[in-house]
Amino acid sequence: MKKQREEITIKYLIDIFLPKIWIIAIVSILFGALLGGYSIFIQEDQYTSEASFVMVKVPTKYSDEGATTAVNTGLNQNEILAMQNMIGMSEQILKTTAFAINIKEHLVEINPEYADVKIEQIKSMLSIDLQGDGTFFTLSAISNDPRLAYDVADVVYTILPDEIEDVFDRYAINVKDIDPPLLASAPNSKNVVRNTLIGLVGGMLLSMLVVLIITKVDVVVRSKEQIENNFEIPIIGIIPRKELDD
């Protein structure tokens, strides 16, 4: 008897999953309900306070008979790329312990209760996103405390331009603050629908994988098709199942 390789076809998969469709459906609904319920009842509300900045080119200065004149010139492609790189490196500045300590010192001046805020917590709150043509960027501070999110964003809004200019003083580029942060009036969306869909899809894929593995390791012959697909032997006859009388 020579065992043959069983081909995985659409019909083969249907034959495997269709009898177990109720298990797949139950597991999918369960996972979707768990993630949706977590989003609604357990996940904490998060608040975001944002501030906007723009990278600007330092005007070129010309001296004429003792008088100095500043002339603005347009940005070339290399200068735009340099600004984008500086914005990327600026986010790294946000994640440094030294900068977080500086933020905390300002926070404690605002409210002594902020002395309990951890340095790692401050670092995890902050992020930067490029906007528009790459010379604008938005600073975000996220926390489950809307006042803390606002105060952190406000401190960074105040000190970040000088911090960036100190680091990149060799470049003829400055950072200008253009939009101060606001106190969030409502929490961020919890994405209940998205999380529920992720749970449904994840549960379906996981249950299908388990069904497939169980089918592959199951050595019990349940139909003549299994013999025909796996062995080069003729089927002489089939003995039907007979239920015993009580």
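If you read the sequence shown in our numbering, its first letter stands for residue 91, the second for the next number, and so on. Beta carbons: idealized from backbone N, C-alpha and C, even for Gly.
**Request:** Count the other CB atoms, across all protein chains shown, that sit within 10 Å of the CB of Pro271; report buried if there are 16 or more and exposed otherwise.
**Result:** Locating residue 271 in the sequence shown gives position 181, where the first residue counts as 1. That one is buried.
**Message:** Measuring straight from C-alpha to C-alpha, what distance separates Lys194 and Phe121?
**Reply:** As a working note, residue 194 is residue 104 in the sequence shown. As a working note, residue 121 is residue 31 in the sequence shown. Those two C-alpha atoms are separated by around 40 Å.
**Span separating the alpha-carbon of Thr305 from that of Pro109** = Taking the first residue of the sequence shown as position 1, residue 305 is located at position 215. Taking the first residue of the sequence shown as position 1, residue 109 is located at position 19. The alpha-carbon separation between Thr305 and Pro109 amounts to approximately 12 Å.
**Request:** Report the option in Val265, Leu229, Leu296, Gly292 whose CA atom is closest to the CA atom of Ser142.
**Result:** Start at 1 with the first residue of the sequence shown, and residue 142 comes out as number 52. Closest by alpha carbon: Leu229.
**Item:** Option nearest Thr225 by Cα separation, candidates Val291, Ile303, Ile200, Asn168
**Value:** Counted from its first residue, the sequence shown places residue 225 at position 135. Comparing alpha-carbon positions, the option among Val291, Ile303, Ile200, Asn168 lying closest to Thr225 turns out to be Asn168.
**Proximity to Ala115 [Cα-Cα], best of Val291, Pro324, Arg331, Pro330** = Against the sequence shown, residue 115 aligns to sequence position 25. Cα-wise, what sits closest to Ala115 is Val291.
**Asked** When the Cα of Arg237 is compared with those of Gln136, Asp256, Ile263, Ser279, which residue comes out closest?
**Response** Translated into positions along the sequence shown, residue 237 becomes position 147. For the set Gln136, Asp256, Ile263, Ser279, the Cα lying nearest the Cα of Arg237 is the one of Gln136.
**Prompt:** Just curious, the alpha helix (DSSP H) that Asp105 is in, first and last residue?
**Reply:** In the sequence shown, counting from the first residue as 1, residue 105 sits at position 15. Following the DSSP letters along the chain, one finds Asp105 inside the alpha helix (DSSP H) bounded by residues 100-107.
**Request:** State the CB to CB distance for the pair Val146 and Lys266, rounded to an integer number of angstroms; the pair is presumed to be in contact (CB under 8 Å).
**Result:** The residue labelled residue 146 in the question sits at position 56 within the sequence shown. The residue labelled residue 266 in the question sits at position 176 within the sequence shown. Correct: roughly 5 Å between the Cβ atoms.
**Prompt:** Leaving out the 5 sequence neighbours to the left and right, which residues in its chain are closer than 8 Å to Val207 when beta-carbon positions are compared?
**Reply:** In the sequence shown, counting from the first residue as 1, residue 207 sits at position 117. Hits under 8 Å: Lys194, Leu197, Leu238.
**Message:** What residue range does the beta strand (DSSP E) around Asn264 cover?
**Reply:** Within the sequence shown, numbered from 1, the residue matching residue 264 stands at position 174. For Asn264, the enclosing beta strand (DSSP E) stretches over residues 263-269.
**Asked** Since Leu125 contacts Thr286 with CB under 8 Å, what's their CB separation in whole angstroms?
**Response** Position 35 of the sequence shown, counted from the first residue, corresponds to residue 125. Position 196 of the sequence shown, counted from the first residue, corresponds to residue 286. Confirmed, about 6 Å.
**Prompt:** With which residues is Tyr247 paired in a DSSP beta bridge?
**Reply:** In the sequence shown, the residue the question calls residue 247 occupies position 157. DSSP lists no partner for Tyr247.
**Message:** Tell me the residue span of the beta strand (DSSP E) that contains Ala231.
**Reply:** In the sequence shown, counting from the first residue as 1, residue 231 sits at position 141. Per DSSP, Ala231 belongs to the beta strand (DSSP E) from 226-233.
**Message:** Considering only DSSP beta bridges, list what Thr138 is partnered with.
**Reply:** Working through the sequence shown from its first residue, we reach residue 138 at position 48. As a beta-bridge residue in DSSP terms, Thr138 pairs with Ile232.
**Inter-residue Cα distance where the pair is Phe227 and Ile177** = As a first step, residue 227 is located in the sequence shown; it is residue number 137 there, counting from the start. As a first step, residue 177 is located in the sequence shown; it is residue number 87 there, counting from the start. When rounded, the distance between both Cα atoms is 7 Å.
**Item:** Nearest-angstrom Cα separation, counted from Ile100 out to Ile328
**Value:** As a position in the sequence shown, residue 328 is number 238, starting the count at 1. As a position in the sequence shown, residue 100 is number 10, starting the count at 1. Roughly 27 Å separates the two Cα atoms.
**Asked** When we look at the beta-carbon of Ser214 and count the other beta-carbons within 10 Å, is it buried (16 or more) or exposed?
**Response** As a working mapping, residue 214 is identified with position 124 in the sequence shown. Classification for Ser214: exposed.
**Item:** Opposing strand residues paired with Met145 [DSSP bridges]
**Value:** Sequence index remark: in the sequence shown, residue 145 carries index 55 (1-based). Val265.
**Prompt:** Which two residues bound the contiguous alpha helix (DSSP H) that contains Ile170?
**Reply:** On the sequence shown, position 80 is the one that residue 170 refers to. DSSP places Ile170 in the uninterrupted alpha helix (DSSP H) bounded by 167-184.
**Prompt:** With 16 as the cutoff for other CB atoms within 10 Å, does Val301 come out buried or exposed?
**Reply:** Here the question's residue 301 lines up with position 211 in the sequence shown. Around the Cβ of Val301, a 10 Å sphere holds 16 or more other Cβ atoms; the residue is buried.
**Prompt:** Ordered along the chain, which non-local residues of its own chain (more than five positions away) have a Cβ less than 6 Å from that of Ile200?
**Reply:** As a working note, residue 200 is residue 110 in the sequence shown. The answer, listed in chain order, is Asp241.
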